[in-house]
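Numbering-wise (this note's numbering), the sequence shown opens with residue -19 and increments by one. By construction, the Cβ of each residue, glycine as well, lies at the ideal position given by its N, Cα and C atoms. None of these values were measured; they are calculated from a predicted model.
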Amino acid sequence: MDQKIITQVLVLFLIVTVGYSSRKRGILNPALNKGLTELLLNVAVPFLVVSSFQLSFSQEMLANMGFVLTFSIVAHLLAILLGKFLFSGMHGDTGRILRFSSIFNNCGFMGYPIIGNMFGQQGVFYASIYNITTTIFLWTYGAFIFTDKVDRHFLTKAFINSGMVATFLGMLFFLFSVKLPLPLAQTSQIIGSMSTPISMIIIGSTLAEVKPLELFFSWKLYYGALVRLLLIPVLVLLCLKWFNLQKALLEVCVLIVAMPAPTMSVLFAEQNKGDVLFASRLVFFSTILSIFTIPFVSWMF
């Protein structure tokens, strides 16, 4: 396994423990967590995304961008079919949450910081392209899983949100070789670099709420987490091995689908009076396991 990946995962784990201990000591609380989450998703991550597109335009990068976009569309469509097959016998709220979590993951919240730490600016560039499809599918098919209907409000959210605005703005900068003035570029980099510590501290603080014994009495949690963290990344890796991809591009594509279950499953479950407790446990459990599965998936390259 790449020593760099082991080091990066260890660093992230240590930051998680800072968040965990801060919550246990009363420094953090649910209200602060909510504020930090808003700061992360609406400020730090958009700046990180814009900063990642400050690359020199090249035909190779444009081709890679097209590949990642195509890959993300195909990956989501296949994940929909896989979820229906693997969880066909599970009905009600549990089935919805497991299907949702097999299609989507914590790309924006956890994926960007991890990919950025491991692969730098170019890694976030590819992850941002992948997340375009994720966001559109999330607010259309993802919402449909929980509501059985397509709402105009959800369609608006699919295209008008801080992450998508930052991505499309960054794409324009990249395609037309627009370079931000040095003060703006450095501001974007500094604010964007906050994404990693903020996200890991939030995760650590949130995990401090979980009662460990609650996670060991549901085989469905294990099943859902293993599908999300191992089965899907391994299938993606086996498929992409047939393409002659750059190593960094291959690793980003595989690792971005190896992220844990999405926090959006909890929000959708809450909005539609679903099983919020099961959704929360799946997010927590898969997040804990991902500390070990992400290095394992990296070892397979």
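When rounded, the separation of the alpha-carbon atoms in residue 220 and residue 233 is 9 Å. Annotated as proximal: residue 8 and residue 2, with beta-carbon spacing under 8 Å. With a 10 Å radius around the Cβ and a threshold of 16 neighbouring Cβ atoms, residue 223 comes out exposed. Our two residues, residue 92 and residue 99, have alpha carbons roughly 10 Å apart in a direct line. The residue from 175, 180 and 155 with its alpha-carbon nearest to that of residue 39 is 155.
Spatial neighbours of residue 202 in its own chain (CB-CB distance under 6 Å, excluding positions within 5 residues in sequence) are not present. Judged by their CB atoms, residue 188 and residue 64 are not nearer to each other than the 8 Å cut-off. Within the same chain, Cβ atoms closer than 7 Å to the Cβ of residue 255 are found at 73, 74, 77 and 249, the five residues on either side in sequence being excluded. Secondary structure of residue 276 (DSSP, three-state): helix. If you compare the alpha carbons of 104, 0 and 44 with that of residue 32, the shortest gap goes to 104. When the beta-carbon positions are compared, residue 121 and residue 60 come within less than 8 Å of each other. Straight across, the Cα-Cα distance linking residue 274 with residue 257 is about 25 Å.
Judged by DSSP in its simplified three-state form, residue 35 adopts coil rather than helix or strand. Residues 26, 29 and 30 of the same chain have their beta carbon placed closer than 6 Å to that of residue 146, with the five preceding and five following residues left out of the count.
Between the region 42 to 59 and the region 108 to 119 there are three or more C-beta pairs closer than 8 Å, enough to call the two in contact. By the 16-neighbour rule on beta-carbons within 10 angstroms, residue -13 is exposed. Only residues of its own chain outside the window of five on either side were considered, and among them 41, 101, 102, 105 and 154 have a CB closer than 8 Å to the CB of residue 35, listed in chain order. Judged by their CB atoms, residue 241 and residue 68 are not nearer to each other than the 8 Å cut-off. Annotated three-state conformation of residue 5 is coil, per DSSP. Secondary structure of residue 114 (DSSP, three-state): helix. Within the same chain, Cβ atoms closer than 7 Å to the Cβ of residue 171 are found at 23, 24 and 27, the five residues on either side in sequence being excluded. Under the rule that a run must span 3 or more residues, no beta strand (DSSP E) segment is found entirely inside the region 175 to 254.
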